[in-house]
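A.B. asks:
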Amino acid sequence: MEQKTIGVGLISVGWMGKVHTRAYTSLPIVYPELGIKPRLIIAADTSPDRAGYARDVLGFESSTMDYQEVLAHPDVDVVSICAPNFLHAEMGKAAAAAGKAFWIEKPVGRSADETLSVVEAADAAGVETAVGFNYRNTPAIEYARQLVADGALGRITNVRGAFFADYSSEPKGALSWRFIRELAGTGVLGDLMGHLADLAHYIVGPISEVSALTSTVYTERPKLSVGQGTHFAVIENGEMAPVENEDYAALLVRFGQDAAGAGAVGTLEASRVAVGPRAQYSIEIYGTEGSVRWDFERMNELEVALDRSGPTVGYTRVMAGAGFGDFAKFQPGAGTSMGYDDLKVIEAKKFLIAYTGGESLNADVHDALLANRVVQAAEDSSNSGRWEPVQAVEGTTSARQAG
Numbered sequence: 001m002e003q004k005t006i007g008v009g010l011i012s013v014g015w016m017g018k019v020h021t022r023a024y025t026s027l028p029i030v031y032p033e034l035g036i037k038p039r040l041i042i043a044a045d046t047s048p049d050r051a052g053y054a055r056d057v058l059g060f061e062s063s064t065m066d067y068q069e070v071l072a073h074p075d076v077d078v079v080s081i082c083a084p085n086f087l088h089a090e091m092g093k094a095a096a097a098a099g100k101a102f103w104i105e106k107p108v109g110r111s112a113d114e115t116l117s118v119v120e121a122a123d124a125a126g127v128e129t130a131v132g133f134n135y136r137n138t139p140a141i142e143y144a145r146q147l148v149a150d151g152a153l154g155r156i157t158n159v160r161g162a163f164f165a166d167y168s169s170e171p172k173g174a175l176s177w178r179f180i181r182e183l184a185g186t187g188v189l190g191d192l193m194g195h196l197a198d199l200a201h202y203i204v205g206p207i208s209e210v211s212a213l214t215s216t217v218y219t220e221r222p223k224l225s226v227g228q229g230t231h232f233a234v235i236e237n238g239e240m241a242p243v244e245n246e247d248y249a250a251l252l253v254r255f256g257q258d259a260a261g262a263g264a265v266g267t268l269e270a271s272r273v274a275v276g277p278r279a280q281y282s283i284e285i286y287g288t289e290g291s292v293r294w295d296f297e298r299m300n301e302l303e304v305a306l307d308r309s310g311p312t313v314g315y316t317r318v319m320a321g322a323g324f325g326d327f328a329k330f331q332p333g334a335g336t337s338m339g340y341d342d343l344k345v346i347e348a349k350k351f352l353i354a355y356t357g358g359e360s361l362n363a364d365v366h367d368a369l370l371a372n373r374v375v376q377a378a379e380d381s382s383n384s385g386r387w388e389p390v391q392a393v394e395g396t397t398s399a400r401q402a403g
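Just so you know, we're using this note's numbering here: the sequence shown kicks off at 1 and counts up by one.
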């Protein structure tokens, strides 16, 4: 089979940059039938050590400390943008201006307006985009989406989602950029609720209206020098400074009439300071004929209820296997689990299929804009005390009414 080589550039060589790189290198192994072979051209990072790591360990042909060199490189076809949140919009627009397709982590912008500026730049340039909404690629989630689309759950009545994590549960955890509004925008709304909103959009359909409240559990944290450590760092007796965004958010939502779950209602919660949950990212979908529930901490399982009576009434634990999304590409049978990094390989596959002219099944900047508009409506509602509308976005992959 003739292979199509695609030149890859990387911006920022932290944890997520490494995950993207592993996804590119795994792609021809997992999906040889695509005939796509990523070539690691150049990586950029402001740290000389990380830039060197990209070249000497990850296998990029060259490295730089200036991300503009990645965008200017003639052999680079697609760019992964894995930098901190406050740089996403700048880099996304720069990639579009350079005519480079880009795979960018969320949130694409610190606000809905900033995300819109990236959408407009990408659309004007005609470049393909992908956004790191990785949880939607879970095979169990793909199966749940299909059950909703096929009508197996009947009319969708309500949704309950909760993305709870403990990464900021330590009160002496450092005041990193994540807690500073100018650098991060919102707090847990943009970080976790954006993911949860996208998951709800992907399975049930677009959210049309939001009522929300938020709270900041730890209003001060010890200061951290820029570039020194992360929000996981614990600082004893440090100088305290204000946390500028929220730790917890709770949303009441209504789904639009064009959604697969038209007219459904629901609750969505997110916390970054919960004690106990590590990555308890869960969603439950209830319909007139059945329901499903899923938790990322057990990502290879789906609980399904399709009977009202008889010996099988209640939930049945279903193990992901062949027929669940792309599961069979990674494992030979149910019970042998996939992991987080595998979801990024699926994400890379969807992105590069779209880039090479195939079907566009990837989450892109339009999906990111819709998720950010839910986040914006939630913040507006928390301030106003009213229900706030979510402005619709064209061209998303949200689940819709058949026909």
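Every residue, glycine too, gets a C-beta built ideally from N, C-alpha and C.
If you follow the beta strand (DSSP E) that residue 129 is part of, which residue opens it and which one closes it?
C.D. replies: Where residue 129 is concerned, the enclosing beta strand (DSSP E) stretches over 129 to 131.
A.B. asks: Should residue 113 be labelled buried (16 or more other beta-carbon atoms within 10 Å of its own) or exposed?
C.D. replies: When all chains shown are included, residue 113 counts as exposed.
A.B. asks: Can you tell me where the beta strand (DSSP E) with residue 43 in it begins and where it stops?
C.D. replies: Note, residue 43: beta strand (DSSP E), 36 to 44.
A.B. asks: Expressed to the nearest angstrom, what Euclidean distance is found between the alpha-carbon atoms of residue 82 and residue 241?
C.D. replies: If I take the Cα positions, the gap works out to 27 Å.
A.B. asks: To the nearest angstrom, how far is it from the Cα of residue 35 to the Cα of residue 28?
C.D. replies: Going by the C-alpha atoms only, they are around 7 Å apart.
A.B. asks: Starting from residue 271, follow the beta strand (DSSP E) in both directions and report where the run begins and ends.
C.D. replies: From DSSP, the beta strand (DSSP E) with residue 271 extends over 265 to 271.
A.B. asks: Return helix, strand or coil for residue 172, following the three-state DSSP convention.
C.D. replies: Here residue 172 sits in coil by DSSP.
A.B. asks: Among 93, 65 and 215, whose alpha-carbon lies nearest the alpha-carbon of residue 125?
C.D. replies: Taking only the C-alpha atoms, the option nearest residue 125 is 93.
A.B. asks: At the level of alpha carbons, what is the spacing between residue 262 and residue 41?
C.D. replies: Distance between the alpha carbons of residue 262 and residue 41: 46 Å.
A.B. asks: Considering Cα atoms alone, identify which of 4, 84 and 121 is closest to residue 366.
C.D. replies: Answer by Cα proximity: 121.
A.B. asks: Considering only residues of the stretch 205 to 255, which uninterrupted beta strand (DSSP E) runs meet the minimum length of 3 residues and lie entirely inside it, listed in chain order?
C.D. replies: 207 to 215, 220 to 222, 240 to 242 and 248 to 255, all fully within the stretch 205 to 255.
A.B. asks: Can you tell which of 69, 214, 200 and 328 has its C-alpha closest to the C-alpha of residue 368?
C.D. replies: Checking every option, the nearest Cα to that of residue 368 belongs to 200.
A.B. asks: Output the boundary residues of the alpha helix (DSSP H) element that contains residue 141.
C.D. replies: 139 to 149 is the extent of the alpha helix (DSSP H) around residue 141.
A.B. asks: Taking the straight line between their C-alpha atoms, what separation do you get for residue 306 and residue 168?
C.D. replies: Answer to the nearest angstrom: the Cα atoms are 38 Å apart.
A.B. asks: Would you check whether the ligand ZN has a heavy atom nearer than 8 Å to the C-beta of residue 271?
C.D. replies: Ligands displayed in this structure: none; no statement on the ligand ZN is therefore possible.
A.B. asks: Are the Cβ atoms of residue 285 and residue 293 separated by less than 9 Å?
C.D. replies: For residue 285 and residue 293, yes; Cβs fall inside 9 Å.
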